[in-house]
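Let me begin by presenting the structure, written as structure tokens, before commenting on it.
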Amino acid sequence: MSRYFAPGNAAEAAELLRTTPGARVVAGGTDLVVAARGGKHPLPEVLVALHRVPELARVRETEAGIILGALTTHTWVERSGLVRSRWSALADAAAMIGSPATRSTGTIGGNLMNASPAMDLGSPLLVLDATVELRRTGGTRALTVAELLAGPGRTTAAPDELLSSVRIPAPVPGTGSAYIRLEHRRAMEIAIVGAAAALRFDSRGEIVAARLALTAAAPVCLRVPAAEAGLLGRRLDAEALAAAGRAAVAAVRPISDVRASADYRRAMTAVVVARALTLAARRAAAGSSVPGPDHPPTATGSVQ
Amino acid sequence: MRYPLNVTVNGLRASADVEPHRSLLSVLREEIGLTGPKEGCDDSECGACMVLLDGEPVNACSYLALQTDGRAVTTVEGVAPADGLHPIQRELLAAGGVQCGFCTPGIVMSAKALLDRNPDCDEDDVRHALAGNLCRCTGYQKIIAAVLRAARQPEHGPADRP
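Residue numbers (UniProt numbering), protein chains in the order written: chain A, 1 to 304; chain B, 1 to 162.
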């Protein structure tokens with residue numbers, strides 16, 4: 001017989017996870033409930049619904065950065081002028097997810113804990129050096145996003161741990177970031193392959209900080225340290241873009257599925273890497289970026 | 001096991017005892033008697049079940065009914081004034097944006113969510129707002145034209161803005 005809990009605070013939610021075998025949290029349900037509707041796997045027998053926990057929906061802006069409660073919706077992120085200007089790659093990604101209904105319901109915590117290799121928020125959070133806070137009865141711990149993601153649908157969080165917030169440090173002034181994905185259509189889409197980049201230049205136009213991460217190209221969203229290191233100290237010219245692309249292609253472990261073959265994903269990795277780096281550089285040069293909330297940059301020119 | 005659900009639907013309080021796995025759509029249709037929201041795909045692809053939850057569009061087929069406890073739901077039955085039609089509905093009729101009509105309640109709700117927030121929208125905004133609604137009859141052009149015309153009217157529903 002299925003059971004349902006709707007705790008009013010995070011401590012109570014964590015305690016339910018500790019004491020109730022088989023309990024799973026549900027935030028917006030855009031993965032958990034939709035997977036059940038689609039026949040992928042049934043809903044858990046014990047649901048701990050989080051929507052009544054206000055502390056998990058809180059957004060805190062500090063000197064050091066921004067802390068997004070786990071229940072922060074994609075819609076909130078895409079509409080936030082602050083996120084669009086300072087953490088542009090994350091706003092790009094949030095604006096691309098599913099439909100308006102998916103975005104108003106789906107959450108940053110759910111997107112991470114669902115741990116799809118094609119999740120749009122993963123690579124942006126990697127290049128923005130985000131950390132997550134996991135809460136259990138008796139304590140919390142912080143992990144980088146890379147430490148959290150363990151494989152398709154798998155994280156390193158224990159069953160009694162609740163992702164409570166995502167912390168993103170303030171970018172060094174002059175940083176530009178972007179997320180690009182390859183897609184068959186402009187909405188209701190899942191990345192064929194995607195790339196997030198964050199770049200900062202010195203006064204001579206040479207790269208002094210570089211981050212690059214890939215989506216839907218390996219069992220987890222992953223950074224490409226070799227590509228990052230290769231960009232340092234040079235201008236973002238065609239040769240630099242090509243070198244970053246080669247390093248990225250060497251790092252991928254794509255699969256073939258209904259959306260694309262592994263070979264196509266491998267080939268397109270260099271394309272999205274070049275586009276993400278180029279857009280990040282343009283934003284770094286502009287000082288900030290304000291993509292409109294309803295017009296995420298897309299790698300394809302097609303319209304619905 | 002059933003749990004009590006108290007939700008405001010179209011401005012009226014509604015109550016039901018609901019199993020954890022029940023969708024908002026099934027409760028709206030089978031317990032509350034509102035059959036405007038439709039079951040199409042039943043897994044968030046088609047948008048025929050679209051309702052507003054606290055003013056934002058939600059696929060009612062894939063939203064747990066119990067998670068709406070204490071919140072406000074608007075269905076297509078709640079958008080029109082007692083003596084007429086909402087401008088979105090009127091323009092859909094005038095433009096020929098309705099053929100079989102199955103997708104229409106969902107289209108109306110997605111369009112309303114857009115116009116409530118951004119009446120100054122352009123065609124690209126409308127296409128993005130309706131991206132989660134499938135229509136197999138019209139080819140969309142007339143629907144998009146209708147929503148844009150509704151947006152140009154001053155009275156597209158400020159009274160029931162969230």
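Backbone N, C-alpha and C define an ideal beta-carbon position, used for all residues, glycine too.
Item                                                                                                                                                                                      : Value
For residue 140/B, list the residues DSSP reports as bridge partners.                                                                                                                     : The partner list for residue 140/B (beta bridge, DSSP) is empty, contrary to what the question assumes.
For residue 6/A, which residues of its own chain have a beta-carbon under 6 Å away from its beta-carbon, when the five flanking residues on both sides are left out?                      : 49, 52
Please report the residue range of the beta strand (DSSP E) in which residue 264/A lies.                                                                                                  : That residue, residue 264/A, is in no beta strand (DSSP E); its alpha helix (DSSP H) goes 262-286.
Which word fits residue 82/A, buried or exposed, when buried means at least 16 other C-beta atoms lie within 10 angstroms of its C-beta?                                                  : exposed
Could you pull the start and end residues of the beta strand (DSSP E) that residue 50/B belongs to?                                                                                       : 50-53
Taking one C-beta from the segment 78-92 of chain A and one from the segment 45-64 of chain B each time, how about it: are there three or more such pairs within less than 8 Å?           : no
Using the rule of at least 16 other Cβ atoms within 10 Å of the residue's Cβ for burial, across every protein chain shown, is residue 152/B buried or exposed?                            : exposed
By the criterion of Cβ-Cβ separation under 9 Å, what are the contact partners of residue 110/B in chain A?                                                                                : 99, 100, 101
Tell me the residue span of the alpha helix (DSSP H) that contains residue 218/A.                                                                                                         : Element bounds for residue 218/A: n/a, residue is neither H nor E.
Say whether the segment 219-230 of chain A touches the segment 76-90 of chain B, bearing in mind that this needs 3 or more beta-carbon pairs closer than 8 Å, one atom from each stretch. : no
Distance check for residue 109/B and residue 259/A, CA to CA, integer angstroms please.                                                                                                   : 30 Å
Start and end of the alpha helix (DSSP H) containing residue 78/A?                                                                                                                        : 74-79
Should residue 100/A and residue 114/B be called a contact, given that it needs their Cβ atoms to be closer than 9 Å?                                                                     : yes
Comparing alpha-carbon positions, which option in 124/A, 116/A, 158/A lies nearest residue 152/A?                                                                                         : 116/A
Using a C-beta cutoff of 9 Å, does residue 51/A count as contacting chain B?                                                                                                              : yes
May I have the straight-line CA-CA distance separating residue 177/A from residue 263/A, to the nearest angstrom?                                                                         : 27 Å
For residue 102/B, tell me which candidate among 15/B, 72/B, 47/B has the shortest Cα-Cα distance.                                                                                        : 47/B
Return helix, strand or coil for residue 253/A, following the three-state DSSP convention.                                                                                                : coil
What separation, rounded to the nearest whole angstrom, lies between the Cα atoms of residue 119/A and residue 197/A?                                                                     : 16 Å
For residue 141/A, which residues in the same chain have their Cβ closer than 7 Å to its Cβ, ignoring the five residues on either side in sequence?                                       : 134
At a cut-off of 8 Å, is residue 3/A close to the ligand HEM when judged by its beta-carbon and the heavy atoms of the ligand?                                                             : Absence of the ligand HEM is noted for the structure shown, with no ligands found whatsoever.
Assuming residue 30/A and residue 102/A form a contact by the criterion Cβ under 8 Å, report the distance between their Cβ atoms to the nearest whole angstrom.                           : 5 Å
Residue 304/A to residue 160/A, Cα distance in whole Å?                                                                                                                                   : Legend: pLDDT at residue 304/A = 29, less than 50; position of this residue unreliable, value from coordinates given subsequently. For residue 304/A and residue 160/A, the distance between alpha carbons rounds to 42 Å.
Give a yes or no on contact between the segment 163-181 of chain A and the segment 122-139 of chain A, applying the rule of three or more CB pairs nearer than 8 Å.                       : yes
On a CA-only basis, which of 27/B, 8/B, 96/B is nearest residue 64/B? Give me that one, please.                                                                                           : 27/B
Could you give the distance in angstroms between the alpha-carbon of residue 74/B and the alpha-carbon of residue 13/B?                                                                   : 12 Å
Are the segment 234-253 of chain A and the segment 262-281 of chain A in contact at 8 Å, needing three or more beta carbon pairs?                                                         : yes
To which residues of the same chain is residue 15/B closer than 6 Å at the C-beta, ignoring the five residues directly before and after it?                                               : 6
Using the rule of at least 16 other Cβ atoms within 10 Å of the residue's Cβ for burial, across every protein chain shown, is residue 159/B buried or exposed?                            : Bear in mind that the predicted position of residue 159/B carries a pLDDT of just 47, short of 50, making it unreliable; the figure below should be weighed with that in mind. It is exposed - the Cβ of residue 159/B has fewer than 16 other Cβ atoms within 10 Å.
Skipping 5 residues on each side, what residues in its chain have a beta carbon closer than 7 Å to that of residue 97/B?                                                                  : 138, 142, 143, 146
Closest Cβ-Cβ distance between residue 37/A and chain B: below 9 Å?                                                                                                                       : yes
Taking 9 Å as the cut-off, decide whether the C-beta atoms of residue 182/A and residue 271/A are in contact.                                                                             : yes
Going along chain B, which residues have a C-beta under 7 Å from residue 104/A?                                                                                                           : 56, 57, 58
So is residue 2/A in contact with chain B if we call contact Cβ pairs under 9 Å?                                                                                                          : yes
Taking only three categories from DSSP, how would you classify residue 82/A?                                                                                                              : helix
Can you give the beta carbon distance from residue 174/A to residue 284/A, rounded, assuming they're within the 8 Å contact cut?                                                          : 6 Å
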